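These protein sequence lines are chains P and C, in that order. Numbering-wise (the numbering used here), the first sequence opens with residue 1 and increments by one. Numbering-wise (the numbering used here), the second sequence opens with residue 1001 and increments by one.
There are 2 protein chains.
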Amino acid sequence: MIIKVDKTIKEIEKEIEYLRNKTEKPKLLSLTTKLNGSIKAYLNSQKEIAEKYGIDFEYIKSDNLYEDIKKYNNDISVDALFIARPLKKEYDEKQVAKLIDPKKDIEGISYHNIAAMFYEDEYFIPCTAESAVKILEDNMDLTGKNVAVLGRSYTVGKPISILLQKQGRDATLTLINSKTQDQKEITKNSDAIIIAIGFAEYLNEDFVSEGQKVIDVGINVKNGKLVGDTKRSISKICDVTPVPGGVGSVTSTILMRNVYRAKILNRGF
Amino acid sequence: MIIKVDKTIKEIEKEIEYLRNKTEKPKLLSLTTKLNGSIKAYLNSQKEIAEKYGIDFEYIKSDNLYEDIKKYNNDISVDALFIARPLKKEYDEKQVAKLIDPKKDIEGISYHNIAAMFYEDEYFIPCTAESAVKILEDNMDLTGKNVAVLGRSYTVGKPISILLQKQGRDATLTLINSKTQDQKEITKNSDAIIIAIGFAEYLNEDFVSEGQKVIDVGINVKNGKLVGDTKRSISKICDVTPVPGGVGSVTSTILMRNVYRAKILNRGF
């Protein structure tokens, strides 16, 4: 079966509506160091979703990313900053994480926001990780369940491993990497799988068993089509989120909610 | 068998010697909000080890911890700050983590240092977690190995889960909490176990199997004696660190090395 994310999105939209009634129109600024076709397409769709939720949106091609981040940190007309990926290779993700103002950091990547997540005092957390965990939680009670996580990126795998340890979630995690022996054994015996490795259709029938929930975070291009890290056909055995239209859609909605949260945060409570 | 930590300590002492030759005598200040028998005993032993490594040591009973942290952050005669636990209950660990200057934070608990660990750009990392991982690494190659971690405290379990995901370490982790089903099944089938739950002698013969390495982070008082989170008798089946004299001893040495690192950091490179 395909896991529908409509309910998860509706719930986030409720918070957006609530915040929208409490504040003026917020401004989201996206900075990009490249402007190729796929980044343009992404930014155009971001514009569309921003407008849908009543957000003022602009994107700028940045030729000096670090300086621009500092500039817009201090620009009170900008409530929220988004940094489009991939970055040009002269830039360093860690430097971006150090520079960006935590109060405008809707992607949840800044040093402050990462540490706040660690201390369970979070406000903005890595948005794709939040999306994956939210969908999983909306579809099963995690207490005492075994969850296998594939991938350990800064933006997805690693924050998911922190989020799922949170008191009250109480899942038992197994964190799988490319060196892991018996990957299939582990995933088959889990109640849920989150995969975020960026390998098109890696997770096939051999990895899954009946009744499992699989959250597919991957977005890959294969033969000109968007595919996830899982093979579509596993949906005959277990429940899996669609690509596109699954984790990515929820992430986009979370980002827009975070723009409103940033607006409220920046004007003070 | 009992895992000896002498070699691990010697290696850290080498770095201490190296740094000691490069700088003047550093100053470590420990702040405590309580001054009962066991905290006094801890601080006295800290004084002893500080003197052994040529460190100027002082402790102060603090009646206003947050203000004192700010004060000594700015006091250039103090190179390193240590906050004795447990804190009086009016104080909040997260607030301490937010306030302490990352450059004097030899325990590796500050927001900045936690985020730096997450981004694999670490300098000071939670000292007990570093100690446990260091002992484990000194006793086995972790690549492709299964490691079960029991406990998810901010100071030990959680940072260990981040450290063991590091690229190049490549262990497969299973993070066990009190709600985990089949705990014994999981621990028995792991190559190594790190336990940091604070339950005296919790891990007994039923949890372990031959050839495993067990890192015991617990320090508990039972019938007036110090005991770990493991039963001593498991050393007949597997290899386990002693309590006292295992993780705690390595942690103390790491803290003293960190005092020197802080001295060098604060005077600039």
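Every residue, glycine too, gets a C-beta built ideally from N, C-alpha and C. Source: prediction; values computed, not measured.
Nonlocal neighbours in the same chain, by C-beta distance under 6 Å from valine 156(P), ignoring five residues either side: For the purposes of this step, residue 156(P) is taken as the residue at position 156 of the first sequence. The residues are Thr128, Ala129, Ala196 and Val217.
Where alanine 1041(C) falls: helix, strand or coil (DSSP): Taking the first residue of the second sequence as position 1, residue 1041(C) is located at position 41. Of the three classes helix, strand and coil, the one that applies to alanine 1041(C) here is helix, per DSSP.
Boundaries (first-last residue) of the alpha helix (DSSP H) holding lysine 1094(C): Along the second sequence, one-based indexing puts residue 1094(C) at 94. From DSSP, the alpha helix (DSSP H) with lysine 1094(C) extends over 1093-1099.
Segments assigned beta strand (DSSP E), at least 3 residues, entirely inside the region 158-219 of chain P: 172-176, 192-195 and 213-216
Members of the region 1135-1156 of chain C near chain P, C-beta cut-off 8 Å: Thr1143, Gly1144, Asn1146, Arg1152 and Tyr1154
Enclosing beta strand (DSSP E) for valine 227(P) [first to last residue]: Counted from its first residue, the first sequence places residue 227(P) at position 227. Taken as a continuous stretch (DSSP letters only), the beta strand (DSSP E) holding valine 227(P) covers 225-227.
Aspartate 121(P) - DSSP class collapsed to helix/strand/coil: Counting from 1 along the first sequence, the entry for residue 121(P) is found at position 121. DSSP places aspartate 121(P) in coil when its eight states are reduced to three.
Inter-residue Cα distance where the pair is valine 1221(C) and phenylalanine 124(P): Position 221 of the second sequence holds residue 1221(C). Position 124 of the first sequence holds residue 124(P). Going from the Cα of valine 1221(C) to the Cα of phenylalanine 124(P) covers about 40 Å.
CB contact check: tyrosine 1202(C) to chain P, cutoff 8 Å: As a first step, residue 1202(C) is located in the second sequence; it is residue number 202 there, counting from the start. No, no contact with chain P.
Isoleucine 106(P) versus leucine 35(P): straight-line alpha-carbon distance, rounded: The sequence position of residue 106(P) within the first sequence is 106, counting from 1. The sequence position of residue 35(P) within the first sequence is 35, counting from 1. Cα to Cα, the separation comes out at about 21 Å.
Under the three-state DSSP convention, the category cysteine 113(P) falls into: Along the first sequence, one-based indexing puts residue 113(P) at 113. Residue identity check: residue 113(P) is asparagine in the sequence provided, not cysteine. DSSP places asparagine 113(P) in helix when its eight states are reduced to three.
Segment contact flag, the region 160-180 of chain P with the region 1168-1178 of chain C, C-beta cutoff 8 Å, min 3 pairs: yes
Sub-8 Å separation of isoleucine 237(P) and isoleucine 215(P) beta-carbons: Translated into positions along the first sequence, residue 237(P) becomes position 237. Translated into positions along the first sequence, residue 215(P) becomes position 215. No, they are not a contact pair.
Beta-ladder partner(s) of serine 1030(C), from DSSP: The residue you call residue 1030(C) lines up with position 30 of the second sequence. DSSP, once it has assigned bridges, lists Tyr1059(C) and Phe1082(C) as partnering serine 1030(C).
Residues that tyrosine 18(P) contacts on chain C, provided the C-beta gap is smaller than 8 Å: For this step, residue 18(P) is matched to residue 18 along the first sequence. The premise fails here: tyrosine 18(P) is roughly 27 Å from chain C at the closest Cβ pair, so nothing lies under 8 Å.
For isoleucine 1160(C) and alanine 1132(C), believed in contact at Cβ under 8 Å, the rounded distance: Residue mapping note: residue 1132(C) aligns to position 132 of the second sequence, counting from 1. Residue mapping note: residue 1160(C) aligns to position 160 of the second sequence, counting from 1. Confirmed, Cβ separation roughly 6 Å.
Sequence-distant residues of its chain with Cβ nearer than 6 Å to lysine 1231(C) (five each side left out): Along the second sequence, one-based indexing puts residue 1231(C) at 231. Contacts found: Glu1201 and Asn1204.
Buried or exposed by the 16-neighbour rule on C-beta atoms within 10 Å, applied to glycine 228(P): Counting from 1 along the first sequence, the entry for residue 228(P) is found at position 228. Classification of glycine 228(P): buried, given that the 10 Å Cβ count is 16 or more.
Simplified DSSP state of valine 149(P), which is helix, strand or coil: Sequence index remark: in the first sequence, residue 149(P) carries index 149 (1-based). Valine 149(P): strand per DSSP, three-state reduction.
Member of Ala80(P), Asn74(P) and Asp63(P) whose CA lies at the smallest distance from the CA of lysine 88(P): Along the first sequence, one-based indexing puts residue 88(P) at 88. Selected option, being the one with the closest Cα: Asp63(P).
Simplified DSSP state of isoleucine 1237(C), which is helix, strand or coil: Stepping through the second sequence from its first residue, residue 1237(C) is reached at position 237. Here isoleucine 1237(C) sits in coil by DSSP.
Outcome for proline 1126(C) when other beta-carbon atoms lying within 10 angstroms are tallied against a minimum of 16: What you label residue 1126(C) is simply residue 126 of the second sequence in a count that begins at 1. So proline 1126(C) counts as buried.
DSSP-derived helix/strand/coil call for isoleucine 1003(C): Counted from its first residue, the second sequence places residue 1003(C) at position 3. Coil.
Distance, glutamate 1067(C) Cα to isoleucine 162(P) Cα: Start at 1 with the first residue of the first sequence, and residue 162(P) comes out as number 162. Start at 1 with the first residue of the second sequence, and residue 1067(C) comes out as number 67. Taking the straight line joining both Cα atoms gives about 31 Å.
Pairwise C-alpha distance: leucine 265(P) and lysine 1158(C): If you number the second sequence from 1, residue 1158(C) lands on position 158. If you number the first sequence from 1, residue 265(P) lands on position 265. Distance between the alpha carbons of lysine 1158(C) and leucine 265(P) is about 28 Å.
Methionine 978(C) burial status per 10 Å Cβ neighbour count (16 or more: buried): The question about residue 978(C) has no answer here: the residues shown for chain C are numbered 1001 through 1269.
Inter-residue Cα distance where the pair is isoleucine 1049(C) and phenylalanine 1057(C): On the second sequence, residue 1049(C) is found 49 positions in, with the first residue counted as 1. On the second sequence, residue 1057(C) is found 57 positions in, with the first residue counted as 1. Approximately 10 Å between the Cα atoms of the pair.
Boundaries of the alpha helix (DSSP H) in which asparagine 89(P) is found, first to last residue: Locating residue 89(P) in the first sequence gives position 89, counting from the first residue. The question names asparagine, but residue 89(P) in the sequence shown is lysine. Here lysine 89(P) belongs to no alpha helix (DSSP H), and DSSP marks it neither H nor E.
Asparagine 266(P) - containing alpha helix (DSSP H), residue span: Against the first sequence, residue 266(P) aligns to sequence position 266. Element bounds for asparagine 266(P): 247-267.
Beta carbon of proline 1086(C) nearer than 8 Å to that of lysine 1263(C): The residue given as residue 1086(C) occupies position 86 in the second sequence. The residue given as residue 1263(C) occupies position 263 in the second sequence. No.
Three-state secondary structure (DSSP) of glutamate 1015(C): Numbered from 1 along the second sequence, position 15 holds the residue referred to as residue 1015(C). Here glutamate 1015(C) sits in helix by DSSP.
Span of the alpha helix (DSSP H), counted from its first residue to its last, around aspartate 71(P): For the purposes of this step, residue 71(P) is identified with residue 71 of the first sequence, where counting begins at 1. Position check: residue 71(P) holds lysine in this sequence, whereas aspartate was assumed. That run of the alpha helix (DSSP H) goes 65-73.
Sequence-distant residues of its chain with Cβ nearer than 6 Å to alanine 97(P) (five each side left out): Stepping through the first sequence from its first residue, residue 97(P) is reached at position 97. Here the set comprises Ile109, Ser110 and Tyr111.
Arginine 1267(C) classed as buried or exposed, judged by whether at least 16 other C-beta atoms fall within 10 angstroms: Locating residue 1267(C) in the second sequence gives position 267, counting from the first residue. Looking at its Cβ environment, which holds fewer than 16 other Cβ atoms inside 10 Å, arginine 1267(C) is exposed.
CB contact below 8 Å: tyrosine 119(P) versus chain C: In the first sequence, residue 119(P) corresponds to position 119, counting from 1. Yes, tyrosine 119(P) lies at the interface with chain C (some Cβ there is under 8 Å from its Cβ).
8 Å Cβ cutoff met for glutamate 1013(C) and threonine 1253(C): To locate residue 1013(C), count along the second sequence from 1; it is residue 13. To locate residue 1253(C), count along the second sequence from 1; it is residue 253. Closer than 8 Å, so yes.
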